[in-house]
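Using the numbering used here, read the sequence shown as starting at 15 and increasing by one per residue.
Each residue gets a CB set at the ideal place from its N, CA and C atoms; glycine is no exception.
Remember, predicted model here, so these are calculated numbers, not experimental data.
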Amino acid sequence: MSNLTQEWLNRTREQKKNLELLETRLIEESNITLNEYYVLYFLNISEEKEMRLNDLQLEIGLSQSAMSRMISRMENKNCSLIERHCCMTDRRGIYIRITKSGYLKLKSSQKIVDSIVRKFLN
15 MSNLTQEWLN RTREQKKNLE LLETRLIEES NITLNEYYVL YFLNISEEKE
65 MRLNDLQLEI GLSQSAMSRM ISRMENKNCS LIERHCCMTD RRGIYIRITK
115 SGYLKLKSSQ KIVDSIVRKF LN
């Protein structure tokens, strides 16, 4: 077997292990999943602190139905982490916006993410 292949497999395993650790720690300490963290992250870095649902779905990489279920959970979770509203110019377009509660959850979760990512990158 190629040394490059083995190195690739080792890195893949290590990344999988770190993603699982990150997911577990986020759920235990912040009561959000890794994908929910990603939603808050992408909304927070967007210019208006909001994104079209379709664009957010592409960033996260979930199916439309999985994304819709997660957005509904996040609207109801912990004092509404996000809110949705219709686009004024295109009534079919749905926008998702981070709330103050969502920003505070992101800020506290960021410490968990940073500590694990820092270990992984070093």
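Whether I46 touches K119 by CB criterion (8 Å): yes
Just to confirm, is the Cβ distance from I130 to L35 under 8 Å? Between I130 and L35, the CB-CB gap stays under 8 Å.
What does the Cβ neighbour count give for Q78, buried or exposed, with the cut at 16 atoms within 10 Å? exposed
Identify every residue that forms a DSSP beta bridge with R98. In DSSP, R98 forms a bridge with I110.
Contact check, L137 vs I96, beta carbons under 8 Å: Coverage of the chain is limited to positions 15 through 136, which leaves residue 137 absent and any answer about it impossible.
Check whether the Cβ of L72 sits closer than 7 Å to any heavy atom of the ligand FAD, and report yes or no. Because no ligand of any kind appears in the structure shown, any question about the ligand FAD cannot be addressed here.
Residues that DSSP places opposite E89 in a beta bridge: According to DSSP, E89 bridges with nothing at all.
Terminal residues of the continuous alpha helix (DSSP H) containing E37? 17 to 44
Within 10 angstroms of its Cβ, does E42 collect 16 or more other Cβ (buried), or is it exposed? exposed
Suppose the cutoff is 7 Å on Cβ atoms and the five residues either side in sequence are ignored; what does the same chain contact list for E61 look like? No residues qualify anywhere along the chain.
Can you tell me whether S16 is buried or exposed, with buried defined as 16 or more other CB within 10 angstroms of its CB? exposed
Would G107 be called buried (16 or more neighbouring beta carbons within 10 Å of its own) or exposed? So G107 counts as exposed.
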